[in-house]
Amino acid sequence: MGIFLFFVLAILCVGGVLGMILSKNQAHSALFLVLAFACLGGLFGLLDAPFIAAVQIIIYAGAIMVLFIFVIMMVNLELGIAPERKRWTLGLSAFLAVFLLVELAMAVRGTLGSLGRTGGPSIGSPTELGRLLFTEYLYPFEITSVLIIAALVGAIVLVKKKEKE
Amino acid sequence: MEMFWLIPLLPGASAFILAVFGKWLPKKYVSWQACLSVFASFLISLVSFFGLLRISADSLPIIKTLFQWIQSGSFRADLSLQLDPLSSIMTLVVTGVGFLIHVYSVGYMGHDKGYTRYFTYLNLFTFAMLILVMGANLVLMFVGWEGVGLCSYLLIGFWFEKHSAANAGKKAFIVNRIGDAAFILGIFFIILIVGSGDFRAITGAIEGGVVTQGMATLIALLLFAGATGKSAQIPLYVWLPDAMEGPTPVSALIHAATMVTAGVYMVSRMNLLFTLSGVAGHVVGIVGALTAIFAATMALTQNDIKRVLAYSTISQIGYMFIGCGVGAYAAGMFHLFTHAFFKSLLFLAAGSVMHALSGELDMRKMGGLRKYLPLTYPTFLVGAIAIAGVPFLSGFFSKDAILTHAFAQGQYFVWALGLMGAVMTAFYMFRLVFLTFFGQERLDPHAKDHLHESPRVMTVPLVVLAFFSIVAGYVGLPVVLGEKANLFSRFLDPVIHPGHEAHVSSGAEWLLIVISVAVAICGIYIAYIFYLKSPRTPHRIVARFPKIYKLLYNKYYVDEIYNAAIVRPLVSGSQVVYDKFDLKVIDGTIDGTAAATGFAGRVLSLFQSGLLKDYALVLLLGVVIFLGVLLF
Amino acid sequence: MIPVSYFFGLSIVLFVLGIIGFFVKRDLITMFMAVEVMLNAANLAFIALGKAAGTPAGQVIVFFVITVAAAEAAVGLAIILLVFRQKKSIKAEDMRLMKG
């Protein structure tokens, strides 16, 4: 049952990403991506990380993608920009990407056996996570909050139109 | 006497002050400082000379090291000045005659706008010449050697706006340089063999047998080659006649009394070397003799009063080298000594004549001047008589000493050439006298209006020099009058190591004296006939031998030959090298490097497309490579 | 139950897909989306490895990554908006000011 679920979610995820790549319409791309993120959230759940799964769906699929869609709507785009014209860089990048894939595969080949299986006790219960965040990882937590404020202020300042005199 | 090291430094300091501050110094001050510094040097030289007379020969030479100059491995060359009889005589000549010429220049150059510059150069020259004669090692001597060459260039081309003067300066310097190249080689060999350029060390090495005869010959010939350049002998004499473009006092000081005699000094200083190598001595003697006669023939036909004197100088230096060549270095130095007086006197007097005639120097436009120049004429006459070798004046004693020694050594060819030269010397000098001061006046009317005797500041040095031209000979009386009579030669004994000087019987010596005198009188008489008694005679002779006259008048076309054979090939060769190599290869390399760099830059900038994706691509490439390296 | 290595392999595939997407697309917004994909692939890897190692550290990291990614997305999109206002286009080829 778990494996079946895994494969469904995995295929949907990959499909979503592929759809994002192949789609000519930005809005469609965004929606495909939402699908992919949602599936990822499910995958996180499969990995015994329920809190992160929830966060993924709420923040990533919910907030960030909504931001994307806002911007897509604000920017008046001609419908469908054709994908990259054939240039030698495209070929090279494709080749390199595949090569990277191969390399990564080779890199992890040795350890794949020892990764174990899912199931077993959940290590990512929200209680546990919360306790960790407020003790061991307190500093990153606080700094991250500052970071968010900075980003917030930055984004507003950047996009503010000049005051009409 | 311990202050002898100040001798070069006083004029040197004066030159420095004039060079730096001259622009703001008043003319009168410049005159006083320039002349007094040389006079002070002269006084110190005099004191040192008398000091030398009192000490024994074993403590010679006295050396004062001013500071350590070159120290490289085991080779040392210090700034050391030395006092010994040879250098003492030279300093007396340089500072004494130099002082008189400085005074004369105050009058002669009085109206020149480069007045301060002139005295700066003149003091600088005196400084360099004194370094040359007082240097205790070959390296320092060479510094002085080059220094006088530089000052000669500066002073010959003093009126640099004149093309002929500027060219003459260049010619002098370049021809000198050719000789100097050989000179430097000689110095290198000496340092190689002896390990030092110190004269004491060299003497020690030669006496100790370190130097083989072959090496001695090579070195001596190289050094003498340098001397032919500096002292205007064959083949490097061509610069001296052109050097007459410079102011006349310069000609008197540099090209008569001092710089051109530096070669003779050098040969005398290295006399052990030349004696060791018999061949070099012979070469010196033959070159001297040939030059003496060669130059004398050219002096016969010149119309420029200074050129006659220039060729005469070349010829007389030839005599000095004859003396050195036959081993009679003292005789050569003696002639240097007397020649300094009467030759500078002749030049200064000629300058006085030119000054009187507002710059005229062509003898064809002179004549009958003895009425108008009551001081210049007698002093000039004294100089002419001295140089002709008339008895009881200095020139007679010195020239006779040389010729006698030549004969005594069995060098009859050299002696004969010397004798012929003496006839010609007497002839051309009196030709000059008669053409200038006697006969009908062929003066330019404009010049005649301004005709006046020179001011006292110019005539007093003439009188002083005339006096010495007469008496200077008495310090070197011929041996026939007693072994001890030759004070000059005995004074030089510590330095001039007596070689195997041959002697002639006193009967033979008297005979030689009589022959010399007869020859001199002969020359004067012929000149008298040619130019006073029947003035048509020269023209008739020229008409009979037009080709010979042309050859002599054009100085045997030597300048033209040198120009065609050496100068033009060098210049066109340089032009070719410039076009083919300098422009193409060297400039090409530099421009090429710049172009290549630019090209590389342009190629690299292709990577900076400004496109995000291209940069990302490179990133990706980097990651892939990195991982690849880690994995494989 | 499910071998963790499967998740890990999926993460690698997603990452490379993200790279390909970045190079294929021509407008800035979709390129940015591809970058987000890459980020998520990394997150997946973290969680998987955290699970394999048995610590919650992987999840903590992902927590922070998601947070920062959100901030970054906000600022990045703001910049894209600005660029669009200036150049009236969001094609990557039009951003060539740094050329040369």
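Going line by line, the protein sequences match chains H, G and P. For what it's worth, the numbering used here labels the leading residue of the first sequence as 680, then goes sequentially. For what it's worth, the numbering used here labels the leading residue of the second sequence as -12, then goes sequentially. For what it's worth, the numbering used here labels the leading residue of the third sequence as 656, then goes sequentially. The beta-carbon is built from N, C-alpha and C at its ideal position, and this holds for glycine as well.
With a 10 Å radius around the Cβ and a threshold of 16 neighbouring Cβ atoms, S67/G comes out buried.
Per DSSP, the unbroken alpha helix (DSSP H) holding W132/G starts and ends at 125 to 143. At least one CB of chain P lies nearer than 7 Å to the CB of I751/H. Rounded to the nearest whole angstrom, the CA to CA distance from V720/P to N698/P is 8 Å. Ranked by Cα distance from F730/H, the options I822/H, L769/H, L812/H, L837/H are led by L812/H. Within the segment 584 to 610 of chain G, L598, K600, D601, A603, L604, L607, L608, V610 place their CB atoms closer than 9 Å to a CB of chain H, listed in sequence order. Under the Cβ criterion of 7 Å, V679/P is counted among the residues facing chain H. Of all C-beta pairs linking the segment 161 to 176 of chain G to the segment 205 to 220 of chain G, three or more are shorter than 8 Å, placing the two stretches in contact. Measuring C-alpha to C-alpha distances from L519/G to each of Y224/G, L419/G, G408/G identifies L419/G as the nearest. At a C-beta separation below 8 Å, L614/G has these neighbours in chain H: L779, E782, L783, A786. Contact annotation: the segment 51 to 66 of chain G does not touch the segment 813 to 828 of chain H, with fewer than three C-beta pairs closer than 8 Å.
DSSP places F26/G outside any beta strand (DSSP E); the residue lies instead in the alpha helix (DSSP H), whose first and last residues are 14 to 41. Within 10 angstroms of the beta-carbon of K293/G lie 16 or more other beta-carbons, which makes it buried. Looking at A327/G, A315/G, Q58/G, the one whose alpha-carbon comes closest to that of I301/G is A327/G. Residues V225 of the same chain have their beta carbon placed closer than 8 Å to that of Y549/G, with the five preceding and five following residues left out of the count. Using a Cβ-Cβ cut-off of 8 Å, K743/P is close to nothing in chain G; its nearest Cβ partner there is about 18 Å away. Contact annotation: Y140/G and P236/G have beta-carbon atoms that are not nearer than 7 Å.
Straight across, the Cα-Cα distance linking L808/H with F586/G is about 59 Å.
Boundaries of the beta strand (DSSP E) harbouring F62/G: 62 to 70, taken from the DSSP string. The C-beta of I716/P comes no closer than 7 Å to any C-beta of chain H. Residue state for W146/G is assigned as coil, using DSSP reduced to three classes.
Taking 7 Å as the cut-off, the Cβ atoms of Q69/G and I50/G count as close.
Between E428/G and G376/G a beta carbon distance of about 30 Å is seen, past the 8 Å cut, so the two are scored as non-contacting. Note that the segment 436 to 443 of chain G does not touch the segment 302 to 311 of chain G; fewer than 3 beta-carbon pairs, one per stretch, sit closer than 8 Å.
In terms of Cβ geometry, T391/G and L499/G form a close pair [threshold 7 Å].
Judged by DSSP in its simplified three-state form, P658/P adopts strand.
In chain order, F517, Y518 place their CB closer than 8 Å to the CB of P525/G, counting only its own chain and leaving out the 5 sequence neighbours on each side. The DSSP-derived three-state label of G122/G is strand. In the DSSP assignment, the residues bridged to Q55/G are D65/G. Counting every other CB atom within 10 Å of its CB across the protein chains shown gives D185/G a total of 16 or more, marking it as buried. Residue ranges of uninterrupted alpha helix (DSSP H) with 4 or more members, entirely inside the segment 496 to 581 of chain G and ordered along the chain, are 524 to 531, 533 to 540, 545 to 549, 555 to 564. Sequence-distant Cβ neighbours of D387/G in its own chain, meaning closer than 8 Å and more than five residues away, are G376, P465, L499, I500, S503. Inter-residue distance for A393/G and V266/G is about 15 Å (C-alpha atoms, whole angstroms). Linking M253/G to M407/G through their CA atoms gives a straight-line distance of about 27 Å. Here the alpha carbons of F678/P and D749/P stand approximately 15 Å from one another. At a cut-off of 7 Å between C-beta atoms, S708/H does not count as an interface residue with respect to chain G.
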